[in-house]
Each structure stands twice: as C-alpha cells, then as structure tokens.
Amino acid sequence: MDKRLEGKVAVITGAASGIGAATAKTYVDHGARVVLGDIQDEAGEGIAATLGGVDHAIFRHCNVTEEADVQALVEAAIADFGKIDIIFNCAGIVGALGPMSTTPAEEWKLTIDIMINGVFYGMKHASRYMKEAGSGSIISMSSTAGVMGGLGPHAYAAAKHAVVGMTKNLAAEVGG
1140 MDKRLEGKVA VITGAASGIG AATAKTYVDH GARVVLGDIQ DEAGEGIAAT LGGVDHAIFR
1200 HCNVTEEADV QALVEAAIAD FGKIDIIFNC AGIVGALGPM STTPAEEWKL TIDIMINGVF
1260 YGMKHASRYM KEAGSGSIIS MSSTAGVMGG LGPHAYAAAK HAVVGMTKNL AAEVGG
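Put into structure tokens, the structure is as follows:
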C-alpha cells in the first residue's frame, strides 16, 4: 500500500459513518494517524478500534455545532499525536426539506449550524496550528449543490455554497 500520508496527522469530523469513516480508513491505510470526531460515540469508538486503536486512531465525541467540541478535537490531535496536518470537515446532514415557504426555521437553523458553523469552527481552529507550522491541508465537504442551484434542499444548497465561499476566502488568507 502506498504510504503517502506516513507521519501525517488528520482530524475528521463526521467520522463514525459514511464518507468520514471511509476516509479515516483510507488515511490510516496510507500511513496517517487520525482523530475521529462524531456524535455517534459507539460507532466512532468502534471505527477507531478497527483502525488499530490508540497508535493509529482515536475517537473523541464532537458535536460540530459546539465550537468547544471542535476546538477540543483539534487539540486532541496536538496532545495525542503532536501536530495536525489535515482536517477534513465532513460532518453533515441533508437537513431541512421542502419548499422554502414551508421550511421550519428550527430545521433551517440546525442545518446551517451543522454544515456552515461546524466547518467554520474546524477551519478556525485547525488553521491556527497550520499557520504556525507553515503547512497543512484543510478539506471541507461540499457538493454540486454548492456550485449550482436546484440540486438539493434550500438549506443544504445554501450551506454548501457557503462552504465553497469560506474555502476560497481561507485559501486567499493563508494560502501564501
């Protein structure tokens, strides 16, 4: 197996299932150590155990709507593995469904909180360490719904557009 991530440390939100879990496995297969964050504690702990336990993967409870949780996830990488090279902001939901005229405000707010604020918190806390180190990769899950209209529910599309915009802005800020 190619070990292109040998010696790298990655933080992944939404890592207890789906794309996040598959990414964690791929990163470990390629030599990285990973810090998995999710609200699904049992599943997350199970994934970390299957990836080789504390030498390769650790799990921490992380609700991305809580800035302190995301900050603690990033800081776990520093405390347990000595650095952070990669953050993959992967946590997400489909969220509020239906026509805009009938979308419940609370469902809208939850979707935005998870899919925009959660990404913002990951970018904020990882970029601080990456700027100090002079390197790093910030990856944030978006979608074709983030570049075209009509491809997803309103809150989902708005959030994915925001992720694309935040990514471009952060790249302009720290990319040099």
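In the numbering used here, the protein residues as written are 1140 to 1315. In this text, a Cβ means the ideal position worked out from N, Cα and C, and glycines have one as well.
What residues match up with residue i in a beta bridge as DSSP calls it?
i                  : result
serine 1279        : Asn1228
phenylalanine 1198 : Leu1175
By alpha-carbon positions, which one of the options ends up nearest to residue i?
i            : options                               : result
serine 1281  : Lys1263, Met1305, Tyr1268 and Leu1175 : Met1305
glycine 1183 : Ile1197, Arg1172 and Arg1267          : Ile1197
glycine 1285 : Val1209, Val1303, Ser1274 and Arg1199 : Val1303
Residues in its own chain within less than 8 Å of residue i by CB, not counting five upstream and five downstream?
i           : result
lysine 1270 : Val1313
Using a Cβ-Cβ cutoff of less than 7 Å, which residues in the same chain neighbour residue i once the five nearest sequence positions on both sides are dropped?
i               : result
serine 1156     : Gln1179 and Ala1182
valine 1233     : Pro1292 and Tyr1295
lysine 1142     : His1169 and Gly1170
tyrosine 1166   : Leu1144, Ala1149 and Val1173
asparagine 1298 : Note that residue 1298 is alanine in the sequence shown, not asparagine. Closer than 7 Å at the Cβ level, and outside the excluded window around alanine 1298, lie Thr1250, Ile1251, Met1254 and Ile1255.
alanine 1160    : Ala1154 and Ile1186
What residue range does the beta strand (DSSP E) around residue i cover?
i               : result
isoleucine 1217 : Where isoleucine 1217 is concerned, there is no enclosing beta strand (DSSP E), although the alpha helix (DSSP H) it sits in stretches over 1206-1220.
isoleucine 1151 : 1148-1152
Within a Cβ cutoff of 6 Å, which residues of the same chain sit near residue i, ignoring the five residues on either side of it in sequence?
i            : result
alanine 1301 : Ile1255
Quick check on the DSSP output: the alpha helix (DSSP H) that includes residue i runs from which residue to which?
i              : result
glycine 1157   : 1157-1168
aspartate 1180 : 1180-1189
Tell whether a beta-carbon distance below 8 Å holds between residue i and residue j.
i               : j               : result
cysteine 1229   : alanine 1311    : no
alanine 1163    : valine 1148     : no
isoleucine 1217 : isoleucine 1223 : yes
threonine 1204  : glycine 1176    : no
alanine 1265    : glycine 1257    : no
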